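Numbering of the sequence shown is given in our numbering, commencing with residue 373 and proceeding in unit increments. All residues carry an ideal CB built from backbone N, CA and C; glycine is no exception. On a predicted model such as this, the values are computed, not experimentally measured, just so you know.
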Amino acid sequence: MGNNISINKEDLNKNYNVLLKLLASEYVLYLNTLSAHWNITGSSFASIHVLLEKQYESIKNIIDDTAERIRILGYKVPVSNSKYLHDAEINNISESLNFIDTVKSLCKSYEDIINLLRQSIKEIEKTDDFGTEDLLVSTLKEHEKSLWMLDSHLQKSA
373 MGNNISINKE DLNKNYNVLL KLLASEYVLY LNTLSAHWNI TGSSFASIHV LLEKQYESIK
433 NIIDDTAERI RILGYKVPVS NSKYLHDAEI NNISESLNFI DTVKSLCKSY EDIINLLRQS
493 IKEIEKTDDF GTEDLLVSTL KEHEKSLWML DSHLQKSA
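Here it is, written out as structure tokens:
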């Protein structure tokens, strides 16, 4: 660890572990979104297909930003599908769900990761790691918007 960003080693370790859990969860969210993008069918296919493409691209950027933050803190980024699936705070969704159940499952994934982010922000606030806190807050805002967009597909027209 050659980076000196004025955060003590104990706090760096805490923040690293928070980021690892987030990275794993973002990875599973990415896979869930890709699965829905590729497999969803129904009368709203065209609009949801485009929306999901935008969302998985956004998640891909969040994954990259999270990995880069881990490196800034001075740690290596583990790259293991099995570790990500084990450490994630969200579950894989089935690719055999119908349109409504797929969107509901994705919404649940977003709700779970939003809850993880809120808990993580509270933990990070205690360490004065403003860079990581900023990443988590911006990620939270992005996911809240994505959840809103997905949830709108479940609402009945007035």
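Residue i: first and last residue of the uninterrupted alpha helix (DSSP H) it sits in
i      : result
Tyr428 : Phe417 to Ile444
His458 : Asn453 to Asp459
Lys476 : Phe471 to Glu497
His515 : Phe502 to Asp523
Leu394 : Lys381 to Asn411
Cβ separation of residue i and residue j, assumed to be a contact under 8 Å, to the nearest whole Å
i      : j      : result
Leu519 : Glu483 : 7 Å
Ile444 : Gly503 : 7 Å
Ile533 : Asp500 : Coverage of the chain is limited to positions 373 through 530, which leaves residue 533 absent and any answer about it impossible.
Ile377 : Tyr402 : Not quite, the Cβ-Cβ distance comes to about 27 Å (not below 8 Å), so this is no contact.
Leu489 : Leu512 : 4 Å
For residue i, the nearest candidate out of the options (CA to CA)
i      : options                           : result
Leu508 : Leu395, Ser468 and Glu425         : Leu395
Ser506 : Leu391, Asn453, Lys381 and Lys517 : This sequence places Asp at residue 506; Ser is not what is there. For Asp506, the nearest C-alpha among the options comes from Leu391.
Lys517 : Lys455, Gly446, Leu424 and Ser454 : Leu424
Lys393 : Pro450, Ser510 and Met521         : Pro450
Tyr388 : Asn453, Tyr447 and Ser510         : Tyr447
Phe417 : Asn470, Glu382 and His515         : Asn470
Asn433 : Ser510, Ser481 and Gly414         : Ser510
Thr413 : Ser468, Cys479, Glu514 and Lys480 : Ser468
Gln491 : Glu382, Lys386 and Val422         : Lys386
Lys480 : Ser452, His515 and Ser454         : His515
Inter-stretch contact (C-beta, 8 Å, three-pair minimum) for the segment 426-434 and the segment 461-471: no
Three-pair Cβ contact test at 8 Å for the segment 430-447 versus the segment 486-495: no
The segment 472-481 touching the segment 406-426, judged by at least three CB pairs closer than 8 Å: yes
Given 8 Å, three or more beta-carbon pairs between the segment 380-397 and the segment 485-492: yes
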